[in-house]
Amino acid sequence: MEAFVTEVLRFSSLVANGVPHTVLEDVKLRDYIIPKDSVIFTTTEAIHSDPSYFESPEEFRPERFLTAEGKFNTPREGLFPFGIGKRQCIGESLARMELFIFLTTLAQNFSFSSPPGKKIDISPDEIPIINKPRVEQDIMITIRK
Ligand code: HEM
Numbered sequence: 001m002e003a004f005v006t007e008v009l010r011f012s013s014l015v016a017n018g019v020p021h022t023v024l025e026d027v028k029l030r031d032y033i034i035p036k037d038s039v040i041f042t043t044t045e046a047i048h049s050d051p052s053y054f055e056s057p058e059e060f061r062p063e064r065f066l067t068a069e070g071k072f073n074t075p076r077e078g079l080f081p082f083g084i085g086k087r088q089c090i091g092e093s094l095a096r097m098e099l100f101i102f103l104t105t106l107a108q109n110f111s112f113s114s115p116p117g118k119k120i121d122i123s124p125d126e127i128p129i130i131n132k133p134r135v136e137q138d139i140m141i142t143i144r145k
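Taking full-length UniProt numbering, I'd label the letters of the sequence shown as residues 1 to 145.
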């Protein structure tokens, strides 16, 4: 479940362009000068789909976060669904706890699949800043015995 939640956070890049911040003084970053007062968006989606961090990033593969023994393997680089630094999301631990409890309970009690003859589109519905799930589609939910 930890690997699944982590892959959902990577694949969805829910807050795709972060929360805008500004630069208090001119900043040199590699070959670039970022002038004072520039507005900065951190595009987590670009990092999360970078093949130098994740093999075949366009594929939804929770097992990328599992070791050969099936243990959760905490990613060290390339994963910033909650941002990074001083203004990192303050709701991260609450969000992670909710995702774990809600998704585990749902998975224990229900099976989710595409209705016969239909496909579920898991690509994000892009609205400014946020990658919203496509909720207006049919999903078949059956009670697990
Ligand atoms: C899956 C769920 C969530 C995701 C992916 C997410 C992601 C993010 C991201 C990317 C940022 C910007 C960080 C930055 O600027 O570097 C942020 C900021 C923030 N988030 Fe979340 N968040 C989630 C849930 C929550 C929840 C549940 C709360 C509150 C209960 C929350 C409260 C905040 C607040 C207050 C900020 C602004 C922090 C600041 O500017 O100091 N978030 N979040």
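The beta carbon of each residue, even a glycine, is placed where N, CA and C say it ideally should be. Treat the numbers as computed from the prediction; the structure is a model and nothing was measured.
_So within the stretch 78 to 110, which uninterrupted alpha helix (DSSP H) runs reach at least 4 residues, ignoring any that extend past its ends?_
92 to 109
*asked:* Spatial neighbours of residue 42 within its chain, please: C-beta separation below 6 angstroms, excluding the five flanking residues on both sides.
replied: 18
*asked:* Does the distance between the C-beta of residue 81 and the nearest non-hydrogen atom of ligand 1 fall short of 8 angstroms?
replied: yes
*Is the CB-CB distance between residue 81 and residue 123 below 9 angstroms?*
no
*Would you kindly work out how many angstroms separate the C-alpha atoms of residue 99 and residue 106, rounded to a whole number?*
10 angstroms
*Count the other C-beta atoms from every protein chain shown that fall within 10 angstroms of the C-beta of residue 44, then say buried if there are 16 or more, exposed otherwise.*
Under the 10 Å beta carbon count, residue 44 is surrounded by 16 or more other beta carbons and is classified as buried.
*Do residue 11 and residue 103 have their C-beta atoms within less than 9 angstroms of each other?*
no
*Identify which residue in 141, 2 and 51 has its Cα closest to the Cα of residue 67.*
2
*Expected contact under 8 angstroms - CB spacing of residue 62 and residue 48 to nearest Å*: At roughly 14 angstroms, the Cβ-Cβ gap does not stay under 8 angstroms, so residue 62 and residue 48 are not in contact.
*Take the Cβ of residue 54 as the centre, count every other Cβ of all protein chains shown within 10 Å, and call the residue buried at 16 or more, exposed below.*
Classification of residue 54: buried, given that the 10 Å Cβ count is 16 or more.
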